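Take a look at the structure below.
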Amino acid sequence: MTSLCTATGLRAVSGDAALIAHLRALRGQGVVESVFQRTVNLLTPGERLVALAARGGGDAPRTLVTDVDSWSERGVSAGQVVEFAPGVITIRTADAHLRVHTEGADEWHPILPSLAALGPDDLAAAASALDRLTQTHGSRGGMLGPTSTASSMEAAVTRALADGRDTLVRAITSADDVGMRRGVLSLLGLGPGLTPAGDDFLTALALLSSLHGSGLGPFARALQDVLLEHPGRTTRLSVTTLDEALAGRARASLLDVLHALAHPSGWSEARPTESIRTPVRHVLAIGHTSGTDTLSGLVTGLRLEKELRGSL
Numbered sequence: 224m225t226s227l228c229t230a231t232g233l234r235a236v237s238g239d240a241a242l243i244a245h246l247r248a249l250r251g252q253g254v255v256e257s258v259f260q261r262t263v264n265l266l267t268p269g270e271r272l273v274a275l276a277a278r279g280g281g282d283a284p285r286t287l288v289t290d291v292d293s294w295s296e297r298g299v300s301a302g303q304v305v306e307f308a309p310g311v312i313t314i315r316t317a318d319a320h321l322r323v324h325t326e327g328a329d330e331w332h333p334i335l336p337s338l339a340a341l342g343p344d345d346l347a348a349a350a351s352a353l354d355r356l357t358q359t360h361g362s363r364g365g366m367l368g369p370t371s372t373a374s375s376m377e378a379a380v381t382r383a384l385a386d387g388r389d390t391l392v393r394a395i396t397s398a399d400d401v402g403m404r405r406g407v408l409s410l411l412g413l414g415p416g417l418t419p420a421g422d423d424f425l426t427a428l429a430l431l432s433s434l435h436g437s438g439l440g441p442f443a444r445a446l447q448d449v450l451l452e453h454p455g456r457t458t459r460l461s462v463t464t465l466d467e468a469l470a471g472r473a474r475a476s477l478l479d480v481l482h483a484l485a486h487p488s489g490w491s492e493a494r495p496t497e498s499i500r501t502p503v504r505h506v507l508a509i510g511h512t513s514g515t516d517t518l519s520g521l522v523t524g525l526r527l528e529k530e531l532r533g534s535l
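Okay, structure coming up:
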């Protein structure tokens with residue numbers, strides 16, 4: 224007997240405007256790459272990685288935020304076929320076809336701030352305020368060092384992360400191109416998860432390098448070279464995230480932190496802390512340590528910008 228599959232209609236509430244435009248003309252078959260409670264990652268017919276986020280997931284590059292509360296009870300699993308047609312994405316689960324309609328979704332356009340107006344004192348105040356919040360409220364186990372109950376393996380990974388960070392910082396401040404590549408390579412793919420801690424740290428530096436007025440251009444070129452020369456070094460999701468950050472595209476919550484910081488103000492340290500508290504909380508909620516590791520990268524990047532700005 225032939226079983227009949229029912230179809231469940233879902234809706235994209237908002238999404239990356241560039242992705243929505245791409246999907247309007249896309250036809251063909253893809254596959255479910257990975258599934259989590261709040262996110263489903265898909266590969267399109269051209270093997271572009273895109274994400275379907277649950278309600279409230281926050282806008283991000285290559286992401287559609289849907290009206291689903293959770294993906295955990297939807298029967299979606301890695302390897303399932305995904306059909307792409309203009310305005311609709313269909314996931315073929317065992318029990319039903321899940322159809323995500325994209326037309327009518329609010330289009331999100333990432334807007335970057337500029338660092339050009341920030342002087343060394345502004346950058347130092349911003350870095351100090353962000354560092355204080357990250358150290359106080361962030362999660363250990365990555366760039367902030369080991370947890371109090373860390374295994375010997377976790378402790379070794381966090382030591383390697385600190386060593387890689389220090390190597391990269393020294394190379395950037397001394398304009399050592401070979402050292403920059405060595406530092407990037409030591410961090411790329413280091414740590415557990417789909418976006419390892421080293422990659423999250425590098426993502427923040429990559430995003431800063433894309434801003435008008437940044438002095439991190441040589442680092443960006445080193446990162447691009449390493450990504451091209453070592454394609455299997457880290458996960459597909461991390462490579463996608465790093466590529467997007469180099470192009471000035473990142474999660475809305477992370478951009479909110481930068482917008483709150485990127486204004487000359489004659490701040491006292493208390494003032495920038497208040498201005499960034501809410502967006503920082505949103506970033507810290509990302510993943511297990513991913514948000515913390517990304518903000519740690521922003522702190523390091525802002526301090527590097529201060530040093531580089533002072534050397535001009």
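Note that the numbering used here has the sequence shown beginning at 224, numbered continuously upward.
Where a beta carbon is used, it is the ideal one built from N, C-alpha and C, also for glycine.
From a predicted model like this one, the values you see are computed outputs, not experimental measurements.
Fill in: Cutoff 8 Å; reference Pro268; Cβ partners in own chain excluding five residues on either side
Leu249, Arg250, Gly251, Gln252, Gly253 and Phe307
Worksheet item: Alpha carbon to alpha carbon, how far is Ser461 from Arg444?
Response: 17 Å
Discussion item. Cutting at 8 Å between CB atoms, please list the residues of its own chain near Met224, excluding the five before and the five after it.
Written reply: For Met224, the predicted structure reports a pLDDT of 39, less than 50, and the residue's modelled location is therefore unreliable. A value from the coordinates is still provided. Excluding sequence neighbours, Met224 sits near nothing in its chain.
Fill in: Reduced DSSP secondary structure (H/G/I, E/B, other) of Leu338
coil
Worksheet entry | Rounded straight-line distance, which links the Cα of Ala394 to that of Pro284 | 30 Å
Practice prompt. Can you grab the Cα-Cα spacing for the pair Leu535 / Ala276, in whole Å?
Written response: Low confidence applies to Leu535: its pLDDT is 45, below 50, so where it sits in the model is not reliable, and the reading given next is rough at best. Each residue's alpha carbon lies about 43 Å from the other.
Fill in: Val323 - DSSP class collapsed to helix/strand/coil
strand
Item to complete: Determine the burial state of Leu451: buried for a count of at least 16 other Cβ atoms within 10 Å of its Cβ, exposed for fewer.
Response: exposed
Item to complete: Note down, in chain order, each residue of its chain lying with its Cβ closer than 8 Å to the Cβ of Ser226, except the 5 sequence neighbours on either side.
Response: The predicted model places Ser226 with a pLDDT of 46, which falls under 50 and marks its position as unreliable; any figure quoted below should be read in that light. Excluding residues within five positions, none has a Cβ falling inside 8 Å.
Discussion item. Checking 7 Å against the spacing of the C-beta atoms, do Thr458 and Leu417 come in under that value?
Written reply: yes
Fill in: Close beta carbons around Gly421, own chain, < 7 Å, minus the five adjacent residues each side
Leu384, Gly387, Leu410, Leu411, Gly412, Leu413 and Gly414
Worksheet item: Would you report the Cα separation of Ala350 and Pro343, rounded to the nearest angstrom?
Response: 11 Å
Discussion item. Just verifying my parser: in three-state terms, what is the DSSP assignment at Ser226?
Written reply: Residue placement at Ser226 is poorly supported in this model, since its pLDDT is 46, which falls under 50; the coordinates are not used for a value here.
Discussion item. Looking at the strands, I want to know which residues DSSP matches up with Ala308.
Written reply: Val311
Fill in: Buried or exposed (CB count within 10 angstroms, at least 16 for buried), Glu256
buried
Item to complete: Please name the residue or residues paired with Ser258 in a DSSP beta bridge.
Response: Before going on, a small fix: residue 258 reads as Val here, not Ser. DSSP, once it has assigned bridges, lists Val263 as partnering Val258.
Discussion item. Beta-carbon within less than 8 Å of Gly232's beta-carbon, same chain only, minus the 5 sequence neighbours each way: which residues are those?
Written reply: Arg322 and His324
Item to complete: Using only alpha-carbon positions, find the residue among Arg261, Val299 and Ala319 that is nearest to Thr289.
Response: Arg261
Worksheet item: So Leu531 is in the alpha helix (DSSP H); what residue range does that whole segment cover?
Response: Ser513 to Gly533
Item to complete: Please name the residue in His332, Gly279, Leu287 and Val263 whose C-alpha comes closest to that of Ser300.
Response: Val263
Discussion item. Output needed for Ala241: all residues of its chain with C-beta closer than 6 Å, excluding positions within five of it in sequence on either side, in chain order.
Written reply: none
Worksheet entry | Buried versus exposed call for Pro336 [16 or more other C-beta atoms within 10 Å across all chains shown] | buried
Discussion item. Within the continuous beta strand (DSSP E) that includes Thr289, where are the two ends?
Written reply: Thr286 to Thr289
Worksheet item: Smallest Cα separation from Ser513: which of Ile334, Trp331, His245 and Thr357?
Response: Thr357
Discussion item. Measuring alpha carbon to alpha carbon, tell me which residue in Leu465, Met366 and Leu246 is nearest Val311.
Written reply: Leu246
Discussion item. On the DSSP letters alone, give me the boundaries of the beta strand (DSSP E) that Ala274 sits inside.
Written reply: Leu272 to Ala276
Item to complete: Classify Gln358 as helix, strand or coil using the three-state DSSP reduction.
Response: helix
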